[in-house]
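Q:
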Amino acid sequence: MRLLPLFAAMALSSGSVAAALADDAPAPARVAVRAAHLVDVQTGTVRDNPLVIIDGERITEVRYDGQVPAGANVIDLGGATLLPGLIDCHVHLTGDPSAVKGDYYEAVLKRGSIDAAIVSPVYAKRTLDAGFTTVRNLGADDYVDVSLRDAINRGDVPGPRMFVSGPPLGATGGHADGTTGFSPLIEFHGTTGVADGVDAIRHRVRENVKNGADVIKFMASAGVLSAETSVGAPQYSQEEMNALVDEAHRWGKKVAAHAHGAEAIKMAIRAGVDSVEHSSLIDDEGLKLAKQRGTYLDFDVYNDDYILSEYAKKGFPASTVEKEKLVGRLQRENFQRAVKAGEKMAFGTDAGVYPHGWNGKQFATMTQWGMTPMQAIQAATVNAADLLDMKGKIGAVAPGYYADLVAVNDNPLSDITQLQHVAFVMKGGEVDKNEIKR
Ligand code: ARG
Numbered sequence: 007m008r009l010l011p012l013f014a015a016m017a018l019s020s021g022s023v024a025a026a027l028a029d030d031a032p033a034p035a036r037v038a039v040r041a042a043h044l045v046d047v048q049t050g051t052v053r054d055n056p057l058v059i060i061d062g063e064r065i066t067e068v069r070y071d072g073q074v075p076a077g078a079n080v081i082d083l084g085g086a087t088l089l090p091g092l093i094d095c096h097v098h099l100t101g102d103p104s105a106v107k108g109d110y111y112e113a114v115l116k117r118g119s120i121d122a123a124i125v126s127p128v129y130a131k132r133t134l135d136a137g138f139t140t141v142r143n144l145g146a147d148d149y150v151d152v153s154l155r156d157a158i159n160r161g162d163v164p165g166p167r168m169f170v171s172g173p174p175l176g177a178t179g180g181h182a183d184g185t186t187g188f189s190p191l192i193e194f195h196g197t198t199g200v201a202d203g204v205d206a207i208r209h210r211v212r213e214n215v216k217n218g219a220d221v222i223k224f225m226a227s228a229g230v231l232s233a234e235t236s237v238g239a240p241q242y243s244q245e246e247m248n249a250l251v252d253e254a255h256r257w258g259k260k261v262a263a264h265a266h267g268a269e270a271i272k273m274a275i276r277a278g279v280d281s282v283e284h285s286s287l288i289d290d291e292g293l294k295l296a297k298q299r300g301t302y303l304d305f306d307v308y309n310d311d312y313i314l315s316e317y318a319k320k321g322f323p324a325s326t327v328e329k330e331k332l333v334g335r336l337q338r339e340n341f342q343r344a345v346k347a348g349e350k351m352a353f354g355t356d357a358g359v360y361p362h363g364w365n366g367k368q369f370a371t372m373t374q375w376g377m378t379p380m381q382a383i384q385a386a387t388v389n390a391a392d393l394l395d396m397k398g399k400i401g402a403v404a405p406g407y408y409a410d411l412v413a414v415n416d417n418p419l420s421d422i423t424q425l426q427h428v429a430f431v432m433k434g435g436e437v438d439k440n441e442i443k444r
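Residue numbers (the working numbering): 7 to 444.
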């Protein structure tokens, strides 16, 4: 209570600063970004000699006649290729495998979400520097993701635009329940998304909405990085999934379902989820259902390489690596079948399971397993923007869109690994980095 007058005074003074700025605010800075090529993700073509005109945080015009408007500051990227800022629909900015330095239980038992909050801005910056100007954070304890999103939006720390879920919902003993496998006498504190039964699930969805979630994430199936013995078995009943999606949609929130197993994937799609994450063991019926319902499929197809080569060395439980072997290869084969079937697909990496900033490595895996480079780029731009309900605002370089731009030194369509070395990043008209070779 004693703090109240101080806060009131702060609110007053910041209010008058804002008023003073509004009175004689200068016109937004006009910038023209010039490059040799632009990947036009809306038409699936590459255009030459683009000039992107930006007023403040938005693009006002894309022209090809080279005419710089009067008074515009030119950022000349020479021979580089421009693309829209990239979008990763599945990250966890509150964790990174670098946190586990040989002793998994040290990381799990001696640190908590306050420790996660301390380091998460570092991972946010790495992600932005890698060219990902927007991410969807699908799961964080104690709403650390909400606070990180808000700090970025206030301009307190640099980072990508974030859409966040808060704690993911899931069944007791399932993939969202971090206490599985520990002594029942150990008590863990903090907010998780564990909820069982229709009423508890509806309540838990409302709690997440109340506390700032943009999207509802839940565990439809078991998983790799959790202690239950199955990797893909359903963990909610159909009735529970139906109620969860119904409740989330009533509050205007989309739903993302973690699901590896074929049955859990179909149950989630039938319940009406907006995206299936991992999608590892999807069968023909699942592919058909997803197509009928317009459900996005996100396959984190790079993950397997990193888990198999690094997790044992880092001290993760052997059971995690064993479970990974049950899904990794099949996930890639099923990704390829989904591409052939013409499914709606968005780019989601699950970065946090592998190092932040490496998000772009997944493009190469996607093209090795059946996508054209343009399709892979579209998954991380136009498609991802559609899944995030941000069409018309992000995911393309066009008038009215946020000036979220990245550039690479060489043609990403002939060398997709260019997207692992993004050399220029602009978010909302602000240059985050410029390392273009000139
Ligand atoms: N977070 C996921 C889980 O624990 C990671 C799965 C990674 N494996 C893969 N093949 N994509 O289930």
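The beta carbon of each residue, even a glycine, is placed where N, CA and C say it ideally should be.
Tell me the rounded alpha-carbon separation between valine 221 and lysine 260.
A: So the alpha carbons of these two residues sit roughly 5 angstroms apart.
Q: Identify the continuous alpha helix (DSSP H) that holds glutamate 339 and give its terminal residues.
A: Its alpha helix (DSSP H) spans residues 324-346.
Q: Span of the beta strand (DSSP E) holding proline 90?
A: From DSSP, the beta strand (DSSP E) with proline 90 extends over 87-90.
Q: Quick check: what's the CA-CA separation for leucine 57 versus asparagine 440?
A: C-alpha separation (whole angstroms): 17 angstroms.
Q: Can you pull the DSSP bridge partners for proline 240?
A: Bridge partners of proline 240: Ser227.
Q: For phenylalanine 138, which beta-bridge partners are listed by DSSP?
A: Bridge partners of phenylalanine 138: Leu92.
Q: Rounded to whole angstroms, what is the Cα-Cα separation between leucine 27 and serine 232?
A: Only weak support is given to the placement of leucine 27: the predicted model assigns it a pLDDT of 49, under 50, and the question is left unresolved by the model.
Q: Hey, is the segment 78-85 in contact with the segment 124-133, meaning 3+ C-beta pairs nearer than 8 angstroms?
A: No, the segment 78-85 does not touch the segment 124-133.
Q: Could you name the residues of the same chain whose beta carbon sits closer than 6 angstroms to that of serine 236, not counting the 5 residues immediately before and after it, in chain order?
A: Only Ala228 meet the Cβ criterion.
Q: Just to confirm, is the Cβ distance from alanine 352 to asparagine 309 under 8 angstroms?
A: No, they are not a contact pair.
Q: Would the beta-carbon of phenylalanine 224 fall within 8 angstroms of that of proline 174?
A: Yes; because the gap between Cβ atoms is below 8 angstroms, this pair is in contact.
Q: Quick one, which of Leu393, Ser285, Val327 has its alpha-carbon nearest alanine 344's?
A: Nearest of Leu393, Ser285, Val327 to alanine 344, Cα basis: Ser285.
Q: Which same chain residues, not among the five before or five after glutamine 426, have their C-beta less than 7 angstroms away from its C-beta?
A: Counting only Cβ-Cβ distances below 7 angstroms, and skipping sequence neighbours, we find Gly366, Lys367.
Q: Name the two residues that bound the continuous alpha helix (DSSP H) containing tyrosine 110.
A: Element bounds for tyrosine 110: 110-115.
Q: In its own chain, which residues sit with a C-beta less than 8 angstroms from the C-beta of lysine 320, not counting the 5 before and 5 after it?
A: Same-chain partners within the cutoff: Pro103, Val106, Lys107, Gly108, Tyr110.
Q: With a threshold of 16 other CB atoms inside 10 Å of the CB of phenylalanine 305, please say whether the residue is buried or exposed.
A: Phenylalanine 305 should be labelled buried.
Q: In angstroms with no decimal places, state the Cα-to-Cα distance between histidine 264 and alanine 201.
A: Rounded to the nearest angstrom, the two C-alpha atoms are 15 angstroms apart.
Q: Would you give the residue range spanned by the alpha helix (DSSP H) that methionine 432 belongs to?
A: No alpha helix (DSSP H) contains methionine 432, which is instead part of the beta strand (DSSP E) from 430-433.
Q: Evaluate proline 190 with the Cβ neighbour count: other Cβ atoms within 10 Å of its Cβ, from every protein chain shown; 16 or more gives buried, anything less gives exposed.
A: Flag for proline 190 reads exposed.
Q: Once you ignore the five residues that flank tyrosine 449 on each side, which residues in its own chain have a CB closer than 7 angstroms to its CB?
A: This structure does not reach residue 449, given that the chain is present from 7 up to 444, and the question cannot be answered.
Q: Using CA atoms only, rank isn't needed, just tell me which of Met247, Ala402, Gly406 is closest to valine 52.
A: For valine 52, the nearest C-alpha among the options comes from Ala402.
Q: Which term fits phenylalanine 341, buried or exposed, when burial requires 16 or more other beta carbons within 10 angstroms of its beta carbon?
A: Flag for phenylalanine 341 reads buried.
Q: For valine 437, does the three-state DSSP call read helix, strand or coil?
A: In the structure shown, valine 437 sits in a strand (DSSP, three-state: E or B).
Q: Under the three-state reduction of DSSP, which class applies to serine 420: helix, strand or coil?
A: In this structure, serine 420 counts as coil in the three-state DSSP scheme.
Q: I need the boundaries of the beta strand (DSSP E) containing asparagine 79, first residue and last residue.
A: Residues 79-82.
Q: Would the beta-carbon of serine 171 be found less than 7 angstroms away from any heavy atom of the ligand ARG?
A: False, no ligand heavy atom lies under 7 angstroms from that Cβ.
Q: Using a Cβ distance threshold of 8 angstroms, determine whether the segment 373-393 contacts the segment 147-165, with at least three qualifying pairs required.
A: No: the two stretches stay apart, fewer than three of their Cβ pairs being nearer than 8 angstroms.
Q: For glycine 84, does the count of other Cβ atoms within 10 angstroms reach 16, so buried, or fall short, so exposed?
A: Looking at its Cβ environment, which holds fewer than 16 other Cβ atoms inside 10 Å, glycine 84 is exposed.
Q: Would you mind stating whether proline 166 and leucine 134 have Cβ atoms separated by less than 8 angstroms?
A: Yes, these two residues count as a Cβ contact at 8 angstroms.
Q: Hey, would you say the C-beta of glutamate 339 is under 7 angstroms away from at least one heavy atom of the ligand ARG?
A: Checking the Cβ of glutamate 339 against the ligand ARG gives no.
Q: Within 7 angstroms: the Cβ of histidine 266 and any heavy atom of the ligand ARG?
A: Yes - the ligand ARG has a heavy atom lying nearer than 7 angstroms to the Cβ of histidine 266.
Q: Have a look at the DSSP bridge pairing and note the partners of phenylalanine 305.
A: For phenylalanine 305, which the question treats as bridged, DSSP gives no partner whatsoever.
Q: For the segment 327-339 and the segment 310-319, state whether three or more C-beta atom pairs, one from each stretch, are separated by less than 8 angstroms.
A: Short answer: they touch.
Q: Within 10 angstroms of its Cβ, does isoleucine 288 collect 16 or more other Cβ (buried), or is it exposed?
A: It counts as buried.
Q: Less than 7 angstroms separating the Cβ of glycine 72 from some heavy atom of the ligand ARG?
A: Checking every heavy atom of the ligand ARG against the Cβ of glycine 72, none is found closer than 7 angstroms.
Q: Output the boundary residues of the alpha helix (DSSP H) element that contains glutamate 269.
A: Element bounds for glutamate 269: 268-277.
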